[in-house]
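Down below is the structure, laid out as structure tokens.
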Amino acid sequence: MHIRDILNDSHIDSTVNARGWVYRARESGRLVFMVVRDSTGIIQVVVEKGVVSPDEFELAKRATIETSIEVEGKCSKEQKAITGYEIHATKIRVYQIAENFPITKDKSDEFLLDIRHLWLRSREMTAIMKMRETVLDSIRGFMKERDYYEVQPPMFVGGMVEGGSTLFEVPYFGEKAYLTQSSQFYLEAFMFSLENVYTISPSFRAEKSRTRRHVTEFTHYEAEAAWVNNQQMMDIEEDMIIYIAQSLLTTNKEELEVVKRDVNKVKTVEKPFYRYRYEKVIEIGRQKGLQLSDAADLGEKEERTITQDFDKPMFVYNFPTLLKPFYHRPDPEDPAHVLNHDVLAPEGYGEVIGGGERIWNKDELISRMKSENLNPEDYQWYVDLRSYGSVPHSGFGLGVDRLLTWLAGLDHINKVIPFPRTMRRLKP
RNA sequence: GCCGCUGUAGCUUAGUUGGUAGAGCACUCGGCUGUUAACCGAGAGGUCACCGGUUCGAGCCCGGUCAGCGGCGCCA
Numbered sequence: 076m077h078i079r080d081i082l083n084d085s086h087i088d089s090t091v092n093a094r095g096w097v098y099r100a101r102e103s104g105r106l107v108f109m110v111v112r113d114s115t116g117i118i119q120v121v122v123e124k125g126v127v128s129p130d131e132f133e134l135a136k137r138a139t140i141e142t143s144i145e146v147e148g149k150c151s152k153e154q155k156a157i158t159g160y161e162i163h164a165t166k167i168r169v170y171q172i173a174e175n176f177p178i179t180k181d182k183s184d185e186f187l188l189d190i191r192h193l194w195l196r197s198r199e200m201t202a203i204m205k206m207r208e209t210v211l212d213s214i215r216g217f218m219k220e221r222d223y224y225e226v227q228p229p230m231f232v233g234g235m236v237e238g239g240s241t242l243f244e245v246p247y248f249g250e251k252a253y254l255t256q257s258s259q260f261y262l263e264a265f266m267f268s269l270e271n272v273y274t275i276s277p278s279f280r281a282e283k284s285r286t287r288r289h290v291t292e293f294t295h296y297e298a299e300a301a302w303v304n305n306q307q308m309m310d311i312e313e314d315m316i317i318y319i320a321q322s323l324l325t326t327n328k329e330e331l332e333v334v335k336r337d338v339n340k341v342k343t344v345e346k347p348f349y350r351y352r353y354e355k356v357i358e359i360g361r362q363k364g365l366q367l368s369d370a371a372d373l374g375e376k377e378e379r380t381i382t383q384d385f386d387k388p389m390f391v392y393n394f395p396t397l398l399k400p401f402y403h404r405p406d407p408e409d410p411a412h413v414l415n416h417d418v419l420a421p422e423g424y425g426e427v428i429g430g431g432e433r434i435w436n437k438d439e440l441i442s443r444m445k446s447e448n449l450n451p452e453d454y455q456w457y458v459d460l461r462s463y464g465s466v467p468h469s470g471f472g473l474g475v476d477r478l479l480t481w482l483a484g485l486d487h488i489n490k491v492i493p494f495p496r497t498m499r500r501l502k503p
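Those letters in the first sequence? Residues 76 to 503, per our numbering, in order.
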């Protein structure tokens with residue numbers, strides 16, 4: 076049985092069994108105490124001399140941290156036990172006595188990254204991986220409710236994506252291929268068939284960034300929807316973020332406690348989010364002491380300062396056209412601004428979403444490319460999408476890891492990624 | 001890529017004006033005990049990141065190299 080199922084009054088005085096790994100072990104004369112963990116929880120096991128066979132007792136005495144075992148015994152309520160219940164062993168089987176486990180109470184973030192393959196077993200990482208699952212699960216649940224189709228874009232691409240300087244190049248049968256840095260263009264292709272589409276797939280960026288919210292490989296949740304405008308897209312994202320936050324609060328109470336999250340800060344995530352034009356946000360930044368020019372881009376420091384004392388996310392919409400890539404649709408009433416938006420998470424976490432309306436008119440797209448010195452030939456199929464019954468549409472890209480970093484109240488993106496990849500870390 | 005900081009035992013670290021390297025945890029052995037990342041005693045464990053220089057003498061001062069961390073730019 077699983078440990079979670081033992082941790083209630085229904086098994087008191089009856090025989091239970093558990094198998095897992097020794098989390099803590101203390102030897103105490105004729106008693107051996109160990110805390111055993113499995114994927115569902117932890118429970119104290121007491122092994123008493125004379126109750127188990129002499130051989131079993133000797134083995135129990137030798138049990139080290141991470142030793143794999145199976146026990147059978149009587150369950151009782153015990154205030155002194157870590158989770159309130161304990162198993163008084165009558166049988167114990169050891170699968171493997173673990174070698175000296177390198178993780179002790181003194182550990183640095185850096186060391187934990189070096190031995191991440193072992194740190195995954197910790198209560199912290201286990202809790203985070205469970206919360207990750209909730210986030211992904213609730214994204215899929217939400218999108219299903221909204222009639223979106225999940226699709227699978229390619230990860231190998233032929234070079235045509237925004238920017239260009241931050242692509243990872245990989246050899247491809249004598250040609251050059253790249254790892255995708257965004258699936259947006261492919262989603263736009265899917266959209267003409269399925270109308271509402273999304274994907275949750277990795278994106279890769281070779282940026283030599285060294286900040287607490289950058290990694291070279293991240294989980295990218297992107298969506299694209301026909302007939303939807305910028306403000307409507309924001310409505311959807313607002314509902315979606317609330318849906319995810321609520322799922323986390325109801326599904327992962329224990330896990331949020333393990334990572335010491337103040338859940339009140341998640342409970343305040345409700346409608347309506349703040350929704351300000353770009354210029355208004357520049358003004359807010361200035362009120363908070365930032366020196367910003369009229370067309371300043373918001374860097375990490377600015378976002379942190381602006382969102383520090385917010386209690387829920389903020390939309391920043393209609394950025395200056397100059398600051399944004401060519402595919403953003405300029406406002407027909409005000410071409411100096413595009414119909415886009417970012418979502419900034421509160422408490423200083425900053426940008427988690429970038430999205431907006433895409434240019435859907437072929438000629439307009441080509442002229443925007445030319446004005447940014449891009450060659451439309453390089454984007455041949457993307458332009459081609461606008462040749463056959465183009466329609467207004469919008470989309471967004473959300474950094475799943477960033478979202479979870481914020482919701483879990485953690486200080487670094489690499490804490491929510493099982494095996495984070497950065498400029499300087501490829502192992503384990 | 002730029003700027004800053006750091007590198008001492010498996011881990012976390014102390015190390016004074018330059019004078020032969022100290023601790024806690026983990027480990028081994030012994031003791032005690034319904035223990036709570038127990039306690040008591042003992043033991044083992046070091047190329048002070050690497051290379052060079054100054055000096056009678058360098059963990060410490062100087063130069064270089066490497067590695068890591070933090071910040072910036074960029075972005076999700």
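Ideal placement from N, C-alpha and C gives every residue a C-beta, glycine not left out.
Subject >> C-alpha distance - R496 paired with S85, whole-angstrom precision >> reply: In the first sequence, residue 496 corresponds to position 421, counting from 1. In the first sequence, residue 85 corresponds to position 10, counting from 1. One C-alpha to the other measures close to 45 angstroms.
Original post:
Is P421 near T382, with beta carbons less than 8 angstroms apart?
Top reply: For the purposes of this step, residue 421 is identified with residue 346 of the first sequence, where counting begins at 1. For the purposes of this step, residue 382 is identified with residue 307 of the first sequence, where counting begins at 1. Yes. Within cutoff.
Original post:
Which residues mark the beginning and the end of the beta strand (DSSP E) in which V427 is found?
Top reply: Taking the first residue of the first sequence as 1, we reach residue 427 at position 352. Looking at the DSSP string, the run of the beta strand (DSSP E) that includes V427 is 425-432.
Original post:
Looking at E141 and F176, is the spacing between their C-beta atoms short of 8 angstroms?
Top reply: Reading the first sequence from its first residue, position 101 is the one you call residue 176. Reading the first sequence from its first residue, position 66 is the one you call residue 141. In contact: F176 and E141 (Cβ atoms closer than 8 angstroms).
**OP:** For the alpha helix (DSSP H) containing D80, list its first residue and its last residue.
**Re:** By one-based count along the first sequence, residue 80 stands at place 5. Here the alpha helix (DSSP H) through D80 covers 78-81.
**OP:** Would you be able to state if there are at least three C-beta pairs under 8 angstroms between the stretch 304-318 and the stretch 439-453?
**Re:** no
Original post:
Which value, in whole angstroms, describes the spacing of the CA atoms of E299 and E282?
Top reply: Translated into positions along the first sequence, residue 299 becomes position 224. Translated into positions along the first sequence, residue 282 becomes position 207. Cα to Cα, E299 sits roughly 25 angstroms from E282.
Original post:
Given a threshold of 16 other Cβ atoms within 10 Å of its Cβ, counted over all protein chains shown, does M389 qualify as buried or as exposed?
Top reply: Taking the first residue of the first sequence as 1, we reach residue 389 at position 314. Within 10 angstroms of the beta-carbon of M389 lie 16 or more other beta-carbons, which makes it buried.
**OP:** Give me the Cβ distance between L254 and M230, rounded to the nearest whole Å; I'm assuming they're in contact under 8 angstroms.
**Re:** For this step, residue 254 is matched to residue 179 along the first sequence. For this step, residue 230 is matched to residue 155 along the first sequence. About 6 angstroms; that satisfies the 8 angstroms criterion.
Original post:
If you measure from the CB of L501, is any heavy atom of the ligand PLP nearer than 7 angstroms?
Top reply: Within the structure as shown, the ligand PLP is missing, as the structure has no ligands at all.
Original post:
Do T165 and E153 have their C-beta atoms within less than 8 angstroms of each other?
Top reply: Along the first sequence, read from residue 1 onward, the residue named residue 165 stands at position 90. Along the first sequence, read from residue 1 onward, the residue named residue 153 stands at position 78. Result no, Cβ atoms of T165 and E153 do not sit closer than 8 angstroms.
Original post:
Three or more beta-carbon pairs under 8 angstroms between the stretch 287-298 and the stretch 481-493, yes or no?
Top reply: yes
**OP:** Out of V97, A93, S114, E123, point me to the one whose CA is closest to L106's CA.
**Re:** By 1-based counting over the first sequence, the position of residue 106 is 31. Minimum Cα distance to L106 is reached at E123.
Subject >> Short Cβ contact (8 angstroms threshold) for V413 with L478 >> reply: Residue 413 sits at position 338 when you count from the first residue of the first sequence. Residue 478 sits at position 403 when you count from the first residue of the first sequence. Contact flag unset, no.
Original post:
Which ranges does the beta strand (DSSP E) cover as unbroken runs of at least 3 residues, wholly within the stretch 340-366, from first to last along the chain?
Top reply: The stretch 340-366 contains these whole beta strand (DSSP E) runs: 349-352.
Original post:
Would you call the stretch 201-211 and the stretch 323-332 touching, i.e. three or more CB-CB distances under 8 angstroms?
Top reply: yes
Original post:
By how many angstroms is the C-alpha of E102 removed from the C-alpha of K136?
Top reply: Walking along the first sequence from the start, residue 136 turns up at place 61. Walking along the first sequence from the start, residue 102 turns up at place 27. Distance between the alpha carbons of K136 and E102 is about 6 angstroms.
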